[in-house]
Every structure is written in structure tokens, then in C-alpha cells.
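First the structure, in the form of C-alpha cells, and then the observations on it.
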Amino acid sequence: MTTEHAASPPCPHAPGPDDREWGLAVSTAEETASLAARVGAVSDAGDVIALWGDLGAGKTTFCRALVHDRAGDGEEVPSPTFTLVQIYEPPESAPVWHFDLYRLNGPEDIWELGFDDALEDAVSLIEWPERLGRQLPLRRLDVELCFAPDLGPTARRLRLIGRGPDWARRVDRLETEHGAADGD
1 MTTEHAASPP
11 CPHAPGPDDR
21 EWGLAVSTAE
31 ETASLAARVG
41 AVSDAGDVIA
51 LWGDLGAGKT
61 TFCRALVHDR
71 AGDGEEVPSP
81 TFTLVQIYEP
91 PESAPVWHFD
101 LYRLNGPEDI
111 WELGFDDALE
121 DAVSLIEWPE
131 RLGRQLPLRR
141 LDVELCFAPD
151 LGPTARRLRL
161 IGRGPDWARR
171 VDRLETEHGA
181 ADGD
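Given below as C-alpha cells:
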């Protein structure tokens, strides 16, 4: 049995010379959440995390886990599909702005949502980043999530691309810690 999903293009940009790419597979939503928590732990104000993938591939699951890690499990994290942005203000760390741009009318509309404030003071999680066009910041972490039915019904392939030297170092650190945790 095959399932059709609304398609989002994969991350359209190949890694550049200062970028770092890491690919891995996860079997469950819990493994995706664990990775998101680790990404959240290395992110800070001014960081942009762009999530690429088909509808239902796990972008919102990733965002919820990152917000829960930073703001606490008691924080309700609805999908901002209709509001376009949800803002979370953890007491001990930088705010998290969760953007779902599926319904964005045009790239220029992002500024009406306070995007400039988020870029300066918060961790910005962006679902459907392709809707930003040239407004998407160059220095960012791209997280691409793809269905992997050959690995199991809930499996996903993830590709993290750290854009720029700072994110490249953090992606390298995440991969190293992941290997150490697995006993590799």
C-alpha cells in the first residue's frame, strides 16, 4: 500500500565548502524527538533552523521536541499552520519562534510576522522554508526529513546541513556525540 503526501521540495541547495552535511536514519518519532532536543541544546539566539520535507514527514514533531527541550514538557506546542508563528519564551534560554509558512502569501509577508526580531533575539524554527525564497538566511541549519518505507513504516531519513562555519562545527559535534552514544 502506498500513501500520497503533499510534496515539499527537498532542500534545494547542495552543501558549500564551509558547510557540513550529516545523514542518518531514525525508526521512530521518539528518535526524531531525541535528535531535535540535541539540536535545541546547541542552538541559541539568532539561529535559524529550516525544516524541509513532505507533509507528514515529521517537521512539526521535530519542532515540538525542540521547544519542549528548551521550554519544558508542560509547554503546549500547537502547529502554527493558521497563525503562521508561535512564540515560546523559556525562562532560562533564548525565545523560540516557530514559523509554519505553508499558508504564507509571499516571501515579503514574513516581515509582518516580526521575522527581523526573531532573527536577532530568538531561535527561529521554519517549516516550509522554500516559501521565503531569497529571504531565507544563508547561515542556518537545514533539516531535511524524508519518508523511508524501506526501513520501516515510521522510519525517516534525515539530512542535516550546517550552513556556514558555526553551524558546520555544531553539526560535526552532533554527529560525533551521536556516534559516541551509539557506541560507534
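Residues in the sequence shown are numbered consecutively from 1, following this note's numbering. Note that CB positions come from ideal geometry on N, CA and C, so glycine has one too. No experiment lies behind these values; they were computed from the predicted model shown.
For a test of the three-state rule: what should DSSP assign to residue i, helix, strand or coil?
i, result
"W128", "coil"
"D100", "strand"
"G25", "The question names Gly, yet the displayed sequence has Ala at residue 25. Three-state result, A25: strand."
"R163", "coil"
"L158", "strand"
"A94", "coil"
If I follow the unbroken beta strand (DSSP E) through residue i, where does it start and stop?
i, result
"L141", "L141 to F147"
"I87", "V85 to Y88"
Would you tell me roughly how many angstroms separate the C-alpha atoms of residue i and residue j, rounded to the nearest one?
i, j, result
"L145", "G164", "21 Å"
"Y88", "P15", "30 Å"
"G133", "E31", "30 Å"
"S34", "C63", "11 Å"
"W22", "L119", "24 Å"
Excluding the five sequence neighbours on either side, which residues of its own chain have a C-beta within less than 7 Å of the C-beta of residue i, listed in chain order?
i, result
"G162", "D19, R20, L141, A168, R170 and V171"
For residue i, report the span of its alpha helix (DSSP H) as first-last.
i, result
"A118", "F115 to D121"
Taking 7 Å as the cut-off, does the CB of residue i come closer than this to any heavy atom belonging to the ligand SAH?
i, result
"G162", "No copy of the ligand SAH occurs in the structure displayed, which carries no ligand at all."
Apart from the five residues on each side of it in sequence, which residues of its chain come closer than 8 Å, Cβ to Cβ, to residue i?
i, result
"E177", "R38"
"D258", "Outside the displayed range of the chain (1 to 184) lies residue 258, so it cannot be described from this structure."
"R139", "V48, R163, G164, D166 and W167"
"P107", "R131, L132, G133, R134 and Q135"
Please return the same chain residues whose Cβ sits closer than 6 Å to the Cβ of residue i, not counting the five positions on each side in sequence.
i, result
"V26", "T32 and R156"
"A71", "Y88 and P90"
What ranges does the beta strand (DSSP E) occupy inside the segment 37-82, keeping only unbroken runs of at least 3 residues that lie completely in it? 48-53
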